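This report concerns only the one structure given below.
Number of protein chains: 4
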Amino acid sequence: MSNPSSTSSSFVLPIRIYYEDTDAAGIVYHANYIKFAERCRTEWLRSLGYDHGSILKEFGIYFVIKHLTIDYKAPALLDNYLSVHTHLETMGHTSLTIHQDIFRDETLIADLKVVIVTVNLEGQPQRIPPQLRQIFSPQTL
Amino acid sequence: MSNPSSTSSSFVLPIRIYYEDTDAAGIVYHANYIKFAERCRTEWLRSLGYDHGSILKEFGIYFVIKHLTIDYKAPALLDNYLSVHTHLETMGHTSLTIHQDIFRDETLIADLKVVIVTVNLEGQPQRIPPQLRQIFSPQTL
Amino acid sequence: MSNPSSTSSSFVLPIRIYYEDTDAAGIVYHANYIKFAERCRTEWLRSLGYDHGSILKEFGIYFVIKHLTIDYKAPALLDNYLSVHTHLETMGHTSLTIHQDIFRDETLIADLKVVIVTVNLEGQPQRIPPQLRQIFSPQTL
Amino acid sequence: MSNPSSTSSSFVLPIRIYYEDTDAAGIVYHANYIKFAERCRTEWLRSLGYDHGSILKEFGIYFVIKHLTIDYKAPALLDNYLSVHTHLETMGHTSLTIHQDIFRDETLIADLKVVIVTVNLEGQPQRIPPQLRQIFSPQTL
C-alpha cells in the first residue's frame, strides 16, 4: 500500500474540498471520493504522456472500470486539502489493478482498489499494447 | 409565472432531496436546482412523446442551453419533497424560453428562466420543425 | 442475490437516467451508480417508516458507510429506465450489510455490497436499537 | 468585464475537465460551470486570507447566493484546460455582485453574474464587516 512517505512509486494529486463535494452530514459525500480517484488516474496517465483521447486515437482502445472497492477510514471536511496516491498494483493481459489511497496529511481517509479493462471500439477486451505496457511498468512498479 | 394553483399550463415533476443533493451548509447545493430543472424539462418532453434521442433521429436537431437565470428564494433541505413546474414562455424561430419554478408545498424555493436554442449536427441554429412547434404550443401556451 | 423475479425480499426503486448522470463516453458515469444505490437505501428506510432525521432524533444514531464494493456488468445509457433492488444481507450488532443490484429490464448493470455502521453523535459505533432490528428483519430477511 | 489580458483586477483559477464534468452530448454539463465558478470564488476568498469557516467564526456571517445568471458561449470538452476569472463588480451594504468569465485559451466558454448576500446565523441580511469591505476592495476594484 502506498503512503505519503513512499511517494517514489505513487503518482500524487492534491484535491481541495469545496461545498460541491460535501453533504448535509457536514462531510465529503461518499461517492465523491470515487471522482477524486478518477481525477488522479487521469493525471497519472497525463504524466505518462497520454490522455483518454490520444489512447483511443493511437491504439483504438479505451479503459472501462469493471470493479471498484472502497474502504472509508475517516471523514474529510469542507476546505480540507487531500492528496490522492495512485499506484499500479498488477497488470494483466487486458486489465490493470490500481490501488489508490486518499490522505489528509498523515490521516488515511479512504483507500480504493480499481480494476480497469482495456476494450476496443466494439467493447471487446483488447490486449494492452506493448508501448503502454512499457510506459506503465517502470514508473509505477 | 406558474404557481401550484395554476398547474393547468405547467408540467410538474416531483423531486425528492437526497444526501447527494445537499452540502455542508445543510441545504441543497445551489447548482443542483439546475439539474432538477433539466430533469423536469426532459420529462415534459417525454410527456409530449419525445426524448433527446428521438428528436435527434427524427429531426436532426438537438437542444443547446444559451442562457440561464436563477433566483434563490428559500433553502431546501434533506428529505424535502419538491415540485418543479415547467412552462413554455415564448417560442422563437430557433429558440424556446422556458420558465421554471421549484416549490416545497406553497413555498417558492427557486425560479429559473432558461433559453434553449435548436441546432443541427454542425451546431448551427436550426428552425424548430413544424411538428415540434405544434406539439409544444397547445399543451403549454 | 436478489433479482427481478424475487422482489418479494427486495425493495425496488426506479431510476431514470438524465444528462447529469452520463459522461462523454456516452454512458452513465461510474460513480453515479453509487448515488442511485443510496437513493434506494433511503427510500427503503422511508418505506419502513424512518428517514435519516427521525433516526437521529429518536435513537441518537446515524448511519456511516464503511465499505463499498461495486461490479460493473453492462453500461447504462441516457434515457434508460433502471431499477435498483435493495436487500439486507446480514445484520451485526452495529452494522448492516446490504446487497444492491441495478437492472435495466433483465440486464444486470451493476451490483453492490455496502457495509454500514451505526454510530452515535460522537461517531462511536452504537448497537442497532431493538426497534430498528425488528423493523429491518421481517421485511427483508 | 474581465478578460485574459486584464488579469490584474481578476482572480484566476485553472480547471481541468474530467469525465465527471462531461455528459453524453460529449461536452461539459451546463450545471457544472456553476461549480467551477464557486471553486474560483472560494479560492479568491482564500487568497484574501479567509475561508467559509473563518468568516463564520470571526464575523458570525456567511454568504448566501441570491441570484445567478449564466450565458453559454461555446462548449468545453473532456481534457480541456479552462481558466475561471473572478472579479468583484459592486459591493452593497449586504451584498456582493461578482462577475466571472470562463475561458479556454482566448475562447470565452461562459460568463456569469452572481449576487451574494451576507447573512447572520439566523439567516438575516447582515452588513459586510468593515474588515472584509477593506479586504475585498483594493485587490479587486
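Protein chains in written order, with this note's numbering: chain A, 475 to 615; chain B, 475 to 615; chain C, 475 to 615; chain D, 475 to 615.
We put the CB at the ideal spot given by N, CA and C, even for glycine.
In this text, all values refer to a predicted model and were calculated from it rather than measured experimentally.
Quiz item: Alpha carbon to alpha carbon, how far is I501 (chain C) from Q598 (chain D)?
Solution: A direct Cα-to-Cα measurement between I501 (chain C) and Q598 (chain D) gives close to 44 Å.
Quiz item: So with Cβ pairs under 8 Å, would you call A505 (chain C) a contact of chain A?
Solution: For A505 (chain C), the answer is yes, since a Cβ of chain A falls inside 8 Å of its Cβ.
Quiz item: Which residues in the same chain have their Cβ closer than 8 Å to the Cβ of K540 (chain D), if we skip the five residues on either side of it in sequence?
Solution: S569, V589, I590 and V591
Quiz prompt | A548 (chain D) beta carbon less than 8 Å from that of L595 (chain D) | solution = no
Quiz item: According to DSSP, which residues form a beta bridge with T560 (chain D)?
Solution: Its beta-bridge partners are D:F485 and D:Q574.
Quiz item: In three-state terms, what does DSSP make of A511 (chain B)?
Solution: A511 (chain B) carries a helical assignment under DSSP once its states are collapsed to helix, strand and coil.
Quiz item: Which parts of the region 528-553 of chain C are runs of the beta strand (DSSP E), unbroken and 3 residues or longer, counting only runs that do not cross its ends?
Solution: 535-546
Practice problem: Pull up the distance between the alpha-carbon of F510 (chain D) and that of A584 (chain A), whole angstroms please. | Solution: 25 Å
Self-check item: Whole-Å CB distance - A498 (chain D) paired with L552 (chain C), under 8 Å assumed
Solution: 5 Å
Exercise. Below 9 Å between beta carbons is the criterion; list the residues of the region 527-544 of chain B that meet it against any residue of chain D, in chain order.
Key: Y536, V538, I539, K540, H541, L542, T543 and I544
Practice problem: Kindly indicate if chain A contains any beta-carbon less than 8 Å away from that of Y493 (chain D). | Solution: yes
Quiz item: Taking the alpha-carbon positions, what's the F573 (chain B) to E517 (chain C) distance?
Solution: Note that residue 573 (chain B) is His in the sequence shown here, rather than Phe. Between H573 (chain B) and E517 (chain C), the C-alpha separation is close to 30 Å.
Self-check item: Chain-order list of residues whose beta-carbon lies under 6 Å from that of H567 (chain D) (same chain, five-residue window excluded)
Solution: R601
Self-check item: chain B residues whose Cβ lies nearer than 7 Å to that of R513 (chain C)
Solution: Y492
Quiz item: How about E512 (chain A) and Y493 (chain D): do their beta carbons lie closer than 8 Å?
Solution: yes
Quiz prompt | Inter-residue Cα distance where the pair is P488 (chain C) and D525 (chain C) | solution = Going from the Cα of P488 (chain C) to the Cα of D525 (chain C) covers about 19 Å.
Exercise. Please confirm whether L586 (chain C) and I544 (chain A) have their CB atoms less than 8 Å apart.
Key: no
Practice problem: Please check the pair T560 (chain D) and F485 (chain D), which I expect to be a contact at CB under 8 Å, by giving their CB distance rounded to whole angstroms. | Solution: 5 Å
Exercise. Could you check how far apart the C-beta atoms of I576 (chain C) and V558 (chain C) are, in whole angstroms? I think they sit under 8 Å.
Key: 5 Å
Quiz item: Expressed to the nearest angstrom, what Euclidean distance is found between the alpha-carbon atoms of S483 (chain C) and Q608 (chain C)?
Solution: In a straight line, the C-alpha of S483 (chain C) is about 15 Å away from that of Q608 (chain C).
Exercise. Say whether chain C places a C-beta atom closer than 8 Å to the C-beta of Y546 (chain A).
Key: With respect to chain C, the C-beta atom of Y546 (chain A) has a partner C-beta closer than 8 Å.
Self-check item: Which of helix, strand or coil DSSP assigns to T568 (chain D)
Solution: coil
Self-check item: Within-8 Å CB hit, T560 (chain D) to chain A
Solution: Contact of T560 (chain D) with chain A is not assigned, every C-beta pair being separated by 8 Å or more.
Quiz item: Excluding five sequence neighbours on each side, which residues of the same chain lie with their C-beta closer than 8 Å to the C-beta of T496 (chain A)?
Solution: V502, Y503, L551 and L552
Self-check item: Those residues which DSSP pairs with N594 (chain A) across a bridge
Solution: A:I535
Quiz prompt | Residue from B:I491, B:S611, B:I508 and B:I535 with nearest C-alpha to E563 (chain B) | solution = For the residues B:I491, B:S611, B:I508 and B:I535, the minimum Cα distance to E563 (chain B) belongs to B:S611.
Quiz item: CA-CA distance, R490 (chain C) and G523 (chain D)?
Solution: 43 Å
Quiz item: L552 (chain C) touches chain D at which residues, Cβ-Cβ below 7 Å?
Solution: A498
Practice problem: Determine, using beta carbons only, whether F533 (chain A) and P604 (chain A) come nearer to each other than 8 Å. | Solution: no
Quiz item: Are I508 (chain C) and A505 (chain A) closer than 8 Å when you measure CB to CB?
Solution: Cβ atoms of I508 (chain C) and A505 (chain A): closer than 8 Å.
Practice problem: Mind listing the chain B neighbours of K509 (chain C)? Cutoff is C-beta to C-beta under 7 Å, in chain order. | Solution: From the beta-carbon of K509 (chain C), the residues of chain B found nearer than 7 Å are E494.
Practice problem: Could you pull out every residue in the same chain whose Cβ sits closer than 7 Å to the Cβ of S521 (chain D), ignoring the five residues on either side in sequence? | Solution: F485
Exercise. Please check if any C-beta of chain A sits within less than 8 Å of the C-beta of D525 (chain D).
Key: yes
Quiz item: C514 (chain C) to I535 (chain A), Cα distance in whole Å?
Solution: About 34 Å.
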